[in-house]
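There are 2 protein chains.
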Amino acid sequence: MGELLIGEVAKRADVSAATVRYYEEVGLLTPAPRSSAGYRRYTEGTVEELRFVRKAQALGFSLDEIGEILKLSRAGRTPCSHVLDLAKRHVAGVDERIRQLTRFRAHLAGEIAKWDGERQPTCQGLCQIIAGASDEATDGAPMTSHIQQRRSARSTRQ
Amino acid sequence: MGELLIGEVAKRADVSAATVRYYEEVGLLTPAPRSSAGYRRYTEGTVEELRFVRKAQALGFSLDEIGEILKLSRAGRTPCSHVLDLAKRHVAGVDERIRQLTRFRAHLAGEIAKWDGERQPTCQGLCQIIAGASDEATDGAPMTSHIQQRRSARSTRQ
DNA sequence: TAACACCTTCAAGCCAACTTGAAGGTCAAG
DNA sequence: CTTGACCTTCAAGTTGGCTTGAAGGTGTTA
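Line by line, the protein sequences are chains Y and H.
If you're matching positions, the first sequence starts at 1 in my numbering and goes up one per residue.
If you're matching positions, the second sequence starts at 1001 in my numbering and goes up one per residue.
Shown next as structure tokens:
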């Protein structure tokens, strides 16, 4: 009951089975123990790791970076000063990223404020500039995929 | 004197000339006016745009997204309600990203705190887990490229 | 025992965002 | 009037992160 086949973990973590195999191949996941028939057998823990991977990815981390963070977290007990250092570097990196994003946001908001305070916003003609963009933007679609939904991976469907 | 050739803008924005051509090709930059010989002629404005592109990219935006933001900012005068809406969506997206990153940071920091409070950090043996990682981490290298330095693009060198 | 949904490997294909290379035109300096 | 550093286009290659397909084994259910 704590044993899941690849399709099952994939579904629970909302990725495809192929992706899970790929993650193992590139070293993100530790190779799963196999059943007598050669089937990979996973536990809930793997589902957690997979979910973590997707979240970190959505935040812009590469699989390499995520792999390192996973290794740190797997080291779990006995985190020596090296591990600690590495982890602290990661946090510092994230902090830097947050600061930059915050500045970026201020920049954008600044432009908007400039515009907002100005003339009446009746658009005539030249607003075609964003015609294409609004197509996507007007029907609830993600014109800007701030949280990435990389072709969704409906896992084992079809 | 306000006229720059492609190598010049490239150098000033710290990208390669090929990248500038590529950006024009995919519609990120508006096609530059040509000299009689067919050379692209740019202004300082393009350098600014290129720098913006690199910054936005480092923050995890795709070229498509950046292209939209650039269009918004080029619309400059007469920003109709549509443009304004679009821009506000972008800000909202950035806000969301910042919130997620902040939570991520808290998670990482939490783990570190747990460890930090614990046993003595003398690492014996099993610390090999991070041997590979420390290789990169110990010599000032960017084990985690939080601000991306995508194969650098030393522009027109060599 | 046949169907069917799962699993396996391996190889190839795809998209974004570039980079690299070939083949050639332009132009100021020696 | 040639050298050398620029510029041009076009085509093909690269990397990361997958997806898709072929060819085949597994295991429950009718």
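Built from N, CA and C at the ideal position, the CB exists for glycine as well.
- At a cut-off of 8 Å, the C-beta of Asp95 of chain Y has a neighbouring C-beta in chain H.
- Going by DSSP, Gly2 of chain Y is part of no alpha helix (DSSP H) at all; its letter is neither H nor E.
- Comparing alpha-carbon positions, the option among Y:Leu4, Y:Phe52, Y:Val47 lying closest to Ser35 of chain Y turns out to be Y:Leu4.
- Counting of Cβ neighbours within 10 angstroms places Ala1087 of chain H among the buried residues, the total reaching 16 or more.
- The beta-carbon distance between Leu28 of chain Y and Val47 of chain Y, rounded to whole angstroms, is 14 Å. This is too long to meet the 8 Å contact definition.
- Within the region 39-50 of chain Y, not one residue has a Cβ closer than 9 Å to any Cβ of chain H.
- A straight line joining the alpha-carbon of Glu1025 of chain H with that of Tyr39 of chain Y spans about 47 Å.
- Leu1059 of chain H places its beta carbon less than 8 Å from that of Gln100 of chain Y.
- Of the candidates H:Ile1006, H:Lys1011, H:Ser1073, H:Ile1006 places its Cα closest to the Cα of Pro1031 of chain H.
- For Tyr39 of chain Y, the three-state secondary structure derived from DSSP is coil.
- When Cβ-Cβ separations below 8 Å define contact, Glu1111 of chain H makes contact with chain Y.
- For Ser73 of chain Y, the C-beta contacts it makes with chain H under 7 Å involve Glu1111, in order along the chain.
- A Cβ-Cβ contact shorter than 8 Å links Ala13 of chain Y with Leu50 of chain Y.
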